[in-house]
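Visitor: Following the working numbering, the numbering of the sequence shown begins with 4 at its first residue and continues without gaps.
Note that beta-carbon positions come from the ideal geometry of N, C-alpha and C, so glycine has one too.
Just so we're clear, the structure is a prediction, and the values are computed from it rather than from any experiment.
Please see the structure below; I have some questions.
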Amino acid sequence: MKTNVLVVYYSQSGQLKEIVDQTTYDLVQNQDINLTTYKIEMEEEFPFPWDFYSFFNAFPDSFLQKEKKVKPIPTEILNQKYDLILLYYQVWFLSPSIPINSFLRDKQTQQLLENSKIITISGSRNMWFLAQEKIKTILKEGKAKLVGNIALVDRAPNLVSAMTIVNWMFSGVKKRMFNLLPLPGISKKTIQESRRFGKIILNSIQNNNYSNLQENLIQSGAVEVKPFLVSVDKKGNRMFKVWSKIIDSKQGKQREKYLKFFYYYLILAIWIISPIVNLLYIIFYPFNYFKYKKQVKYFQGIK
Numbered sequence: 004m005k006t007n008v009l010v011v012y013y014s015q016s017g018q019l020k021e022i023v024d025q026t027t028y029d030l031v032q033n034q035d036i037n038l039t040t041y042k043i044e045m046e047e048e049f050p051f052p053w054d055f056y057s058f059f060n061a062f063p064d065s066f067l068q069k070e071k072k073v074k075p076i077p078t079e080i081l082n083q084k085y086d087l088i089l090l091y092y093q094v095w096f097l098s099p100s101i102p103i104n105s106f107l108r109d110k111q112t113q114q115l116l117e118n119s120k121i122i123t124i125s126g127s128r129n130m131w132f133l134a135q136e137k138i139k140t141i142l143k144e145g146k147a148k149l150v151g152n153i154a155l156v157d158r159a160p161n162l163v164s165a166m167t168i169v170n171w172m173f174s175g176v177k178k179r180m181f182n183l184l185p186l187p188g189i190s191k192k193t194i195q196e197s198r199r200f201g202k203i204i205l206n207s208i209q210n211n212n213y214s215n216l217q218e219n220l221i222q223s224g225a226v227e228v229k230p231f232l233v234s235v236d237k238k239g240n241r242m243f244k245v246w247s248k249i250i251d252s253k254q255g256k257q258r259e260k261y262l263k264f265f266y267y268y269l270i271l272a273i274w275i276i277s278p279i280v281n282l283l284y285i286i287f288y289p290f291n292y293f294k295y296k297k298q299v300k301y302f303q304g305i306k
């Protein structure tokens, strides 16, 4: 009997689809696996490239995890029982993207999630830690079982990746800024090498044993945790909680004004506050060594 595997993803730029193609390559080639790919489609699609207002206007709904309407999931997918679901997602404003959040919270999705084994695969700039925690909460509410997690990131320095990603999002063109900085997003090399994770997943499918899957993924470099970025993610979530509620309560011109204020705050946070946090992290690292070690172990895991 064939193993039924469902791939779910949403991608604007095409980067996440590249990750899908690489990590499922060996599954597609295997005749004992029936792999179905489903791309989430929104009733109102988000633009790409983004314009300034649309990009920042997505912030409150994204962070507050508000749902938008998803186009109906095909009946043949809803009526099929899947042995494994590979859930690919992006991180928007330190939270799961609106499309993936909307999909997971859609009533149609509940029958897919219940009692299903899930592997999450994220593609983000560099901070996915708290977004993954939010995904875990939704999966737990849906009575799904998380059996694995893979986190692919842009490996460029924090400030460099911030510049290049924004340029890509607003221009729609993946290019080297100033002909000097690295290409934005997750590198081609990282994406190509992610094929090895598919081999590990395939092994678990063939053995029908997922108990050691996450440990095997960790050993192969599927989840890299930097305590400094965990710290920034947590601080960012605290501030975003305040900003999102303020902006969400505004309409019209007032909303536009506060979105601009938020934009200026982000510039301040990225270029001034973040380097200070990094410096403090370095200074106090010896005193927090065991705390950071515990953090790494936790975020590499799936509990």
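Looking at the structure shown, is N152 part of a helix, part of a strand, or coil, going by DSSP?
Guide: Indexing the sequence shown from 1 puts residue 152 at position 149. Strand, per DSSP.
Visitor: Please identify the residue among G224, K110, E70, F293 whose C-alpha is closest to the C-alpha of G151.
Guide: Residue mapping note: residue 151 aligns to position 148 of the sequence shown, counting from 1. Nearest option by C-alpha distance: G224.
Visitor: Ends of the beta strand (DSSP E) at Y91?
Guide: What you label residue 91 is simply residue 88 of the sequence shown in a count that begins at 1. Residues 87-95.
Visitor: Give the DSSP bridge partners of S98, in chain order.
Guide: In the sequence shown, residue 98 corresponds to position 95, counting from 1. DSSP, once it has assigned bridges, lists W95 as partnering S98.
Visitor: Between S65 and Q111, what straight-line distance do the alpha-carbon atoms span, to the nearest angstrom?
Guide: As a first step, residue 65 must be located in the sequence shown, where it is residue number 62. As a first step, residue 111 must be located in the sequence shown, where it is residue number 108. Going by the C-alpha atoms only, they are around 20 angstroms apart.
Visitor: To the nearest angstrom, report how far apart R128 and I194 are at their CA atoms.
Guide: In the sequence shown, residue 128 corresponds to position 125, counting from 1. In the sequence shown, residue 194 corresponds to position 191, counting from 1. Distance between the alpha carbons of R128 and I194: 13 angstroms.
Visitor: Less than 8 angstroms between the CB atoms is what I'm expecting for S277 and V233, so what's the real figure, rounded?
Guide: Taking the sequence shown and counting its residues from 1, one reaches residue 277 at position 274. Taking the sequence shown and counting its residues from 1, one reaches residue 233 at position 230. At roughly 13 angstroms, the Cβ-Cβ gap does not stay under 8 angstroms, so S277 and V233 are not in contact.
Visitor: Buried or exposed: M130, going by 16 or more other Cβ atoms within 10 Å of its Cβ?
Guide: Start at 1 with the first residue of the sequence shown, and residue 130 comes out as number 127. It is buried - the Cβ of M130 has at least 16 other Cβ atoms within 10 Å.
Visitor: Which residue wins for smallest C-alpha separation from N240, given the options F49, L133, L87?
Guide: Along the sequence shown, one-based indexing puts residue 240 at 237. Among F49, L133, L87, the Cα nearest to that of N240 belongs to L133.
Visitor: Please name the residue, chosen from P52, N104, Q114, A61, that lies closest to T78 on a Cα-to-Cα basis.
Guide: Residue mapping note: residue 78 aligns to position 75 of the sequence shown, counting from 1. T78 has its Cα closest to that of Q114, out of P52, N104, Q114, A61.
Visitor: Taking buried to mean at least 16 other C-beta atoms within 10 Å of its own C-beta, is F243 buried or exposed?
Guide: Position 240 of the sequence shown, counting from 1, holds the residue named residue 243. Answer is buried; the Cβ neighbour count reaches 16.
Visitor: State the start and end residues of the unbroken beta strand (DSSP E) segment that holds K120.
Guide: Position 117 of the sequence shown, counted from the start, is the residue given in the question as residue 120. Where K120 is concerned, the enclosing beta strand (DSSP E) stretches over 120-127.
Visitor: Compare the beta carbon distance of S197 and L155 with 8 angstroms and say whether it is the shorter of the two.
Guide: Looking up residue 197 in the sequence shown gives position 194. Looking up residue 155 in the sequence shown gives position 152. Yes, Cβ-Cβ distance for S197 and L155 is below 8 angstroms.
Visitor: Please give me, in chain order, every unbroken run of the beta strand (DSSP E) with length at least 3 that falls completely inside the region 148-196.
Guide: 148-156, all fully within the region 148-196.
Visitor: In whole angstroms, what separates the C-alpha of I22 from that of Q303?
Guide: Here residue 22 refers to the residue found at position 19 of the sequence shown. Here residue 303 refers to the residue found at position 300 of the sequence shown. One C-alpha to the other measures close to 19 angstroms.
Visitor: Please report the straight-line C-alpha distance between K300 and P50, rounded to a whole angstrom.
Guide: Within the sequence shown, the letter at position 297 stands for residue 300. Within the sequence shown, the letter at position 47 stands for residue 50. In a straight line, the C-alpha of K300 is about 37 angstroms away from that of P50.
Visitor: Excluding sequence positions up to five away, which residues of its chain have a Cβ less than 7 angstroms from the Cβ of K253?
Guide: Here residue 253 is taken as the residue at index 250 of the sequence shown, counted from 1. Only Y261 meet the Cβ criterion.
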